Every structure is written in C-alpha cells, then in structure tokens.
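Colleague: Protein chains in written order, with full-length UniProt numbering: chain A, 1 to 434; chain B, 1 to 393. Built from N, CA and C at the ideal position, the CB exists for glycine as well. All figures in this text were calculated on a predicted structure; none of them were measured in a lab.
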Amino acid sequence: MSLLEPALDPVPAAAPARPLTPQREALLRALDARTPGHSLPAPLYTDPDLHQAELELLWQRQWVFVGTSAEVPEPGDYVTLDIGRASVMVLRDDDEQVRAFHNVCRHRGARLVTEDKGSVGNIVCGYHRWTYSTDGRLVHAPQLGPDIDPACLSLLSVHVREIEGLLFVCLAADPPDDVEDVARVIAPYFAPHHLGSAKVAAQIDLVEDGNWKLTMENNRECYHCDGHPDLLCTFFQTWGLAEHQVPDRMRASHERFLLADAELAQRCAAQGLPYPTISDLVDRPLGFRVERSPMDAAGESFSRDGTRLVQRTLGDVDGFRMGRLGLHAQPNLWLHVCADHAVTFAVFPVGVDKTLVRTTWLVDADAVEGVDYDVDALTEVWRHTNEEDAAFVALAQRGVSDPAYVPGPYTETEAQVDAFVSWYAARIREEIVR
Amino acid sequence: MTELRHDAWTDPGPTPGLRLVPDLPRAVGDGLLAPEAGLDQEMVLRRRVPVTHDVVTLVLEPTVPGTFAYAPGQFVTMVVDVDGVPVERCYTLSSPPTRPHLLTITVKRMEGGALSPYLHDRLRPGDRVSVRGPNGDFTVAAHPAARYLLLSAGSGVTPTLSTVRTMADLGELDDVVVVHSARTPADLACRGELDALAADHPGLRVVWVCEDDSPGSASWQGPRGRLTADLLAAQVPDVGDREVFTCGPPGYMTATRALLAEVGVDPLRCHEESFVLGESAAPAVPALPETGDAPVALTEVPAAVPGTATVTFGRSGREVVCAPGTTVLAAAQQAGVSLPSSCGGGLCGTCKSGLLAGKVEMSHQGGIRPREVAAGKFLPCCSTPDGDIVVDA
Ligand code: FES
Ligand code: FES
Ligand SMILES: [Fe+2]
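#1: Please check if any C-beta of chain B sits within less than 8 Å of the C-beta of residue 124 of chain A.
#2: For ligand 5, any of its heavy atoms closer than 7 Å to the Cβ of residue 109 of chain A?
#3: Please state if the CB of residue 39 of chain B and the CB of residue 140 of chain B are separated by a distance shorter than 8 Å.
#4: Would the segment 249-261 of chain A and the segment 277-296 of chain A be scored as touching if the rule is three or more Cβ pairs under 8 Å?
#5: Around ligand 3, which residues pass a check of Cβ closer than 7 Å to any of its heavy atoms?
#6: Going straight from the alpha carbon of residue 388 of chain B to that of residue 360 of chain B, what length do you get?
#7: Relative to ligand 1, is the shortest distance from any of its heavy atoms to the C-beta of residue 105 of chain A smaller than 7 Å?
#8: Exposed or buried, what is residue 75 of chain A when buried is set at 16 or more other beta-carbons lying within 10 Å of its beta-carbon?
#9: Between residue 382 of chain B and chain A, is the shortest Cβ-Cβ distance under 8 Å, so that the two count as touching?
#10: Check whether the Cβ of residue 160 of chain A lies closer than 8 Å to any Cβ atom in chain B.
#11: Can you tell me whether residue 39 of chain A is buried or exposed? The criterion is at least 16 other CB atoms within 10 Å of its CB, across all chains shown.
#12: Looking at the unbroken beta strand (DSSP E) that takes in residue 313 of chain B, where does it start and where does it end?
#13: Just the chain B side, please: which residues come within less than 8 Å of residue 114 of chain A by C-beta, in chain order?
#14: Quick check on residue 14 of chain A - is its C-beta less than 8 Å from some C-beta in chain B?
#15: Would you be able to state if there are at least three C-beta pairs under 8 Å between the segment 385-403 of chain A and the segment 200-218 of chain A?
#16: What residues of chain A sit near residue 347 of chain B, judged by a beta carbon separation below 9 Å?
#17: Starting from residue 251 of chain B, follow the alpha helix (DSSP H) in both directions and report where the run begins and ends.
#18: Mind checking if residue 37 of chain A is an interface residue toward chain B, Cβ cutoff 8 Å exclusive?
#19: Taking DSSP's pairing of strands, which residues face residue 100 of chain A in a bridge?
#20: Counting contacts by CB-CB distance shorter than 8 Å, is residue 299 of chain A in contact with chain D?
#21: Is residue 76 of chain A close to chain B, meaning its C-beta is less than 8 Å from at least one C-beta of that chain?
#22: Return the chain-ordered list of same chain residues with a C-beta closer than 7 Å to the C-beta of residue 195 of chain B, the five sequence neighbours on each side being excluded.
#23: Thinking just about the alpha-carbon of each residue, which of B:342, B:390, B:77 and B:357 is nearest to the one in residue 382 of chain B?
#24: So the beta strand (DSSP E) residue 354 of chain A belongs to, where does it begin and stop?
#25: Beta carbons nearer than 7 Å to chain A: which residues of the UniProt domain "2Fe-2S ferredoxin-type" (309-393) of chain B have them?
#26: At 3 residues or longer, what runs of the beta strand (DSSP E) sit wholly inside the segment 198-241 of chain B?
#27: Would DSSP call residue 70 of chain A helix, strand or coil?
#28: Tell me the rounded alpha-carbon separation between residue 103 of chain A and residue 113 of chain A.
#29: Out of curiosity, what's the CA-to-CA distance linking residue 378 of chain B and residue 119 of chain A?
#30: Among residues of its own chain, excluding the 5 on either side of residue 86 of chain B, which ones have a beta-carbon nearer than 6 Å to its beta-carbon?
#31: Consult DSSP for residue 392 of chain B and reduce its assignment to one of helix, strand or coil.
#32: Kindly list the residues whose CB is nearer than 6 Å to the CB of residue 102 of chain B, restricted to its own chain and excluding five residues on each side of it in sequence; keep chain order.
#33: Give the straight-line distance between the Cα atoms of residue 55 of chain A and residue 41 of chain A, rounded to the nearest whole angstrom.
#34: Rounded to whole angstroms, what is the Cα-Cα separation between residue 63 of chain B and residue 154 of chain A?
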C-alpha cells in the first residue's frame, strides 16, 4: 500500500447487521434450502428452535387476528391470546373501545388474567391485588410508597385494530402500517354484514396435531376437498381454479358455479355490494384475499341442502341467497359470511407441532337460539369439516417429520398455498434483518 | 404563685373551653379550670361503680394533666388490650362535661361481647385503656330548643344521663322529659339519681316504662309494656313541640321512629343514635356493628333515613345488627367473619361475595360487572344493607 493512497476506512453502507442467533441463522438456511414452488423443508415444520424464532420474527411482529368484537360484547369482557411466551389481553373498556394490554402485572410481573376469556370489573392482579382500570391505569396498589407515581405504572398496551368487527393485534412497537390499507379495501365488503354487532352463537376450539403453517396451507386449497363430503354440498369444488384447470369430472358442477356466480354478481350489484375478488397475498405484511362466491344447492348457507341455518339475516342484505363473503388474512385467519351467519377461523400456534383452530359462529344479536337457529345444525358442516382437516394436517405433520420427506411440487390448483408460503418466507427475511 | 398559675391557665391554645352554651361571652370554666387535655390519651381506671345487676360505671382519669371538653351525648372510642389483642369499642360518655376532671362510661354486660365481659370482670382500678374522641353530634348542644324529650331504652340511657346531669349542673333543666324503657325495674339504671333530680327540678320529668316485673319484687306500678304512641301521647301531650333525642337498640329505634311519626313529630326535630355500633377504626367506615357491647354512639342520623339492618352470614351462621351507613364488609369484620378485601373502595373486586337474600346499596368503582350483579354478586366493602340481608360468607 502506497503512503499516498488514502487509508481506506471501510464505512458500512448500513449499520452492520447484528449477528444472527443460531436459531435465526438456521431459519434462514432452511428458507434458503427451499425450492420455489415446492413445499417447505422439514425443519420449518418440525424444529422447535425454528418455531421459537418464527414466533419472535413473525407472530410478534405482524398483525394477528385475535377474534371478533362479538367475543367481547360488554365492557370488561376480555379474551387472551398467547403467542409463545407472550400473552395479550384484549378487552372492551368502559368507553366501549377495544383495547389490548400485555397480560403482565406492573408490580412484580405476575400474569394478570389466566383464562382464555372472561369478564372483569377492573383488572386485578391475583398476587398482591394491584388493580388497573379497563383503560390500563393503575388505580389501586396497596401501600405503594408516596414517591412512586402510579401514573407510570399503567399496563403496557398492545396495538389493536378493529376492522368491521374483526380484531387484530400486533405486539410490535411499530406495527406494519399496511393494516390501514387493508382496512380500506375490505371494510366495504364487510360493512353491510354488521359483524361488529353480531353475537357469538357457538365457539369450538380444536387442537390440530400439526405445525400452524400446515393448517394454513391446508386451508388454501380445495385439492383435498373430496375429503369433505358435507362441505361439498354447498362449496363449489372448483373454487380457485382457472378455467383450464377444471377437471372434466367437475365440469357439471363448474357450470352451475358459473351460472350462480353470474347471478350473485347481479344481486350484489343491485344491492351495491362490492363483488370482485381482491387478492394481495404475497407482498404486503398483512397478506389477504377477499372474495364473494356463490354457494351450491340453495346457495344460502353451509347446510346440507344450502338452505339457511338461521332464520334472521345477519346485517343489511336483501334475501338469503347471497352465497358467501370470504376473507383470508395471513398469518392466521379465514372466514365466511353468509346472509344468515358468519363463521371465523383463527389459528394460533401452541407448539411446533400443535395448532389451535378456534371456530366461531356469529349470528344476528336478536336471533334466538332454539327459535331462529339450532346450534348443532348451525355448526355441523364445519365441525365435520374441521375434524377432517385436522386429520389431514396430522397426516401431513407425520409425513414431514419422516426422514424420507422431500418437499414436493405444488400443483396448479395450489397457487394460494404457494402464495402463503412465499409470504411467510418474505416476512421472515424482512424481519430477520431488522 | 397565683400569677404563675394564672399565666399557665390563660393560654389554653386553640382548644376551646366547655362548649355547651355557645353564646356565652366566654366558654364555661374559661380561666378557672386547668386547660383542656385532649381525650386522645391513655386513661387509668380509677373506680368501678355498680349501677344495676349487669351495668357498671367505669370512672376514668387522665394520664395527661388537664380537663376534658366534650358535649353531652358524644362518644369515645376505647381500645383495651384483651389478652394481647387490642379490642376497640365505642361508648357514649355518661359523665357530664360540667365535671371536666374525670370521664365515665356506663357499660352493660353483654354475654359473648368482645369487650364488656372483660370490662366487667377483669378490668381493675389502676389498669390503663386507650381512649380516642370525642365524636358524634347526637347532642342537645347542637340543637338548642326550649323543650326536650329524651327517649331511651336499655343502655341507651347513657346519653340521657350525660345530658340531664349537664343541664342540671348548668341550671338549665328548664323543660325536659325523659322517657326510658327497660325490661324490668331492676334494669333501670340510675333511677334514684334521675328521680331525685326530677324532685328538685320542676323542669325535669322522668317516666320509667317497664315491660315486666323483676322476679321476686313488688309488681311494677308505672307504665308497662313497650313504648306506644298512645303511651307517649298520654305521658307527653306536647311531644310535638319538643326536640326529640332517641337512643336504644335497633328494634326500639325502628318502633320509636314509627310512633314519633304517628304522633306527628316533625322528623327534622328527631335525632337518633343507635347503640349497637362498635368500633370506629376504619376512617371511611362510620362504625362497625356488634350486637352486644353497648352503649355506643355514632354519628347522628336523621330520622327519615332507613334504620338498622340485620346482616346474616349464611355459611358461618353469624349475625350482626348494623347501623345505617355501615358497610357489609365492616359488618363482617365486626361479626368476626373474615372476608378477603384489599382496596376497601369497590375497585379491586377482592371482597366479591354472593348476596343470598335482601338488597344492598352499592357504589363501586368498577370492581364488579352488571352481569355479576345480575348473578347475585356484590362488593361488601362498598355496599350498605337496604333492610336485612343474608350474605354467602
Ligand atoms: S405482581 Fe401483580 S400485584 Fe404484585
Ligand atoms: S375490597 Fe376491593 S372491591 Fe371490595
Ligand atoms: Fe379442508
């Protein structure tokens, strides 16, 4: 090196990336090993360390669907959501606003509420009875010294966003702001259905023996729908297929679909309901797809003959033959809204190979059980379908855990599975360098 | 010497002299008596004076030099160490403030009471007790009037004793009628003293009413039975022109309130003190009830306010009578039922309990939800009974 040459003091263009933890490095390596268009490498479904890294990088940073506002109908009603070791309490405060707090006492950190859901007056720590109002203020701390300001000991809040009765939380300090864009797009689809003022008719928790991504992937295709005899009474099996992908054996059903689709588009136009499918699954943090779709048979609801399951409409729709409004949002939501009821599915990881699927049926707040609807009948199709799906997911988990598993190619009909997996990989890569 | 003493006396500081007669240019005794000492002090039992078979008067002297100032009808809170446990009860003073060197309380023995058996059987001259006070505004001094009617029953006689003694001492027994009810003639406390005062003071008339004869003595010749509107109207025809002070056990209070209304006394001229009230420990809680140790005093309540209530604790089988304004949590503590509690103010929900019967007035601060209330729950710390209640505790 000549003395005349300026000393090169290499200044990095950006702050040096923090060294990755071994788990995160392994996560990246597993993603790098993925062949595009193929299912994910095994460790992403089976490795507890990678799962832990995923909880931190994805679940604690993205907007996560937690439930519907119908699950917290009155002030003091709450639901909790556990994401790994983090627990969030989502509750309606005395001003009827939905709020979310870290479920951790500001005194010595005890878990505040321990139930999945419930109702509180104020939020009271079971340890030393520190008491917080529903807006998170510390209102009672026995014998707290005068030099300590209770105003600095409010519960730590968590971002929460309600979109037409759907509640999302984000544990990140600076949540992705695209939730607003998504809200703007989907709100007009949901507004007429009044989910925000519905009531919960039933809720069933099912724990599937599989990684949460297998649960989501399974939901993103109807390639396996032959395994859902009840669902297929009303669900068009060619859902998501392009014309050229429709197999001959499904032609007749597809013709019915095309007719019903045209008819439903007209009904919606007449009622001013937005109809086109909007799909933005890969590139944004809150990947989503919203669609309206006709249903087979009577075309009203998820019954065996397609007729209504609830004798009152939910929201402002004209007639019952409205097919369904569907929403898929990543990482963990799908739902259907018929004219008579809505059914939401929330997916929460419980462990690397255990996933909670919470199914919630909503009906008009004035619908009377036993008169306007029967819970067994209302829930039957999705109870059966969920169990069938749980069995598929468990099969998949066992297979991907087998040393012989080699990721296989997605078929053309599994484009949305590929989109989900691509979204997942993109989010992890984004967050891992933040 | 005189000068010196005078100097010592002429600066009594902010403590007032005797306040019974507020419009005197100087407080009674001002410049003549030693300066007042607070009632908040340790006192020594000087003497025990038997009054009836189950009532004793305890004479207390101060340990801080000085005299006592209070109004007749006021009460003190006494804390006594009973086998290592401090027990606290309120007692109306039976002494008159016109005899400002000593205090007396007059205590009826209540079997099973937390303190009265101890005071009767074990507290000996020379023993010390702690006293706080005085408190209460059940006093003629706060309600100047030309004519008074003092109604009492049982150990509710104590404010009457202090009041009549004070008025006699001050030469102000102008027009006072005392109507006292007791079970038997043997239960009439200080009958001789009051009768003698009445004999000497044309302005004092005393009517004794007994329910029954005392076993083994001559049959009672005076008015018999419980106080009724007819009896009262007959004995005190001008009752409507009098300022009425009533003190006695809850049942008596309720009945008397009704009959005063019946004979047409203006409720604004009726003043009450129930004597079932015990401790006055918690600041926010006016007093804690106990059936038993008496006579006790609390803040005066207008006659229109609903009266005392019986609180029953279903599981422990305990029962307690409490005064208006007493919270159910306070009642529980008094009854020896330990309910969990933390904030004491309707915030934390710690005390949440089931209400098995009756109604309460609750003013909480978010410690309970309407849904829970609908399910029969309530917060004892911020609820007062509205009539008799049964609590699941
Ligand atoms: S840890 Fe919550 S009050 Fe102590
Ligand atoms: S003790 Fe806190 S609500 Fe009663
Ligand atoms: Fe399925």
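Modeller: On the basis of the supplied data:
#1: Judged by the 8 Å Cβ criterion, residue 124 of chain A is in contact with chain B.
#2: Judged by which ligands are present, ligand 5 is missing from the structure shown, whose ligands are ligand 1, ligand 2 and ligand 3.
#3: No; because the gap between Cβ atoms is not below 8 Å, this pair is not in contact.
#4: Yes, they touch.
#5: This criterion selects A:218, A:219, A:224, A:225, A:227, A:228, A:385, A:388, A:389 and A:392.
#6: Separation of residue 388 of chain B and residue 360 of chain B (C-alpha to C-alpha, rounded to the nearest whole angstrom) is 9 Å.
#7: Yes, ligand 1 has a heavy atom inside 7 Å of this Cβ.
#8: Classified as buried, residue 75 of chain A has 16 or more neighbouring CB atoms from the shown chains inside 10 Å of its CB.
#9: Taking a beta-carbon distance threshold of 8 Å, residue 382 of chain B does not count as an interface residue toward chain A.
#10: So no, residue 160 of chain A is outside the interface.
#11: Result: buried.
#12: Counted as a single uninterrupted DSSP element, the beta strand (DSSP E) harbouring residue 313 of chain B occupies residues 309-313.
#13: Under the 8 Å cutoff, chain B gives no residues; its nearest Cβ is about 15 Å from residue 114 of chain A.
#14: With a pLDDT of 47 at residue 14 of chain A, under the threshold of 50, the modelled position of that residue is not reliable, and no figure is offered here.
#15: Segments in contact, yes.
#16: The answer, in chain order, is 121, 122, 124, 131, 133, 139 and 140.
#17: It spans 250-262 - the alpha helix (DSSP H) in which residue 251 of chain B sits, taken as one unbroken run.
#18: Put simply, the CB of residue 37 of chain A is far from chain B, with every gap to its CB atoms at 8 Å or more.
#19: A:90 and A:158, per the DSSP bridge assignment.
#20: Absence of chain D from the displayed structure is noted, the protein chains being A and B.
#21: Proximity of residue 76 of chain A to chain B, defined by a Cβ-Cβ separation below 8 Å, is satisfied.
#22: So the list reads 206, once near-sequence residues are dropped.
#23: Residue B:342 holds the alpha-carbon nearest to the alpha-carbon of residue 382 of chain B among B:342, B:390, B:77 and B:357.
#24: Residue 354 of chain A -> beta strand (DSSP E) spans 354-363.
#25: So the close ones are 342, 343, 347, 348, 349, 350, 366, 367, 368, 369 and 371.
#26: Given a length threshold of 3 residues, each whole run of the beta strand (DSSP E) inside the segment 198-241 of chain B is given here in chain order: 204-210.
#27: Helix.
#28: Roughly 7 Å between the two C-alpha positions.
#29: About 15 Å.
#30: These residues qualify, in order along the chain: 79.
#31: Residue 392 of chain B: strand per DSSP, three-state reduction.
#32: Excluding sequence neighbours, residue 102 of chain B sits near 59 and 61.
#33: Rounded to whole angstroms, residue 55 of chain A to residue 41 of chain A spans 18 Å at the Cα level.
#34: Each residue's alpha carbon lies about 50 Å from the other.
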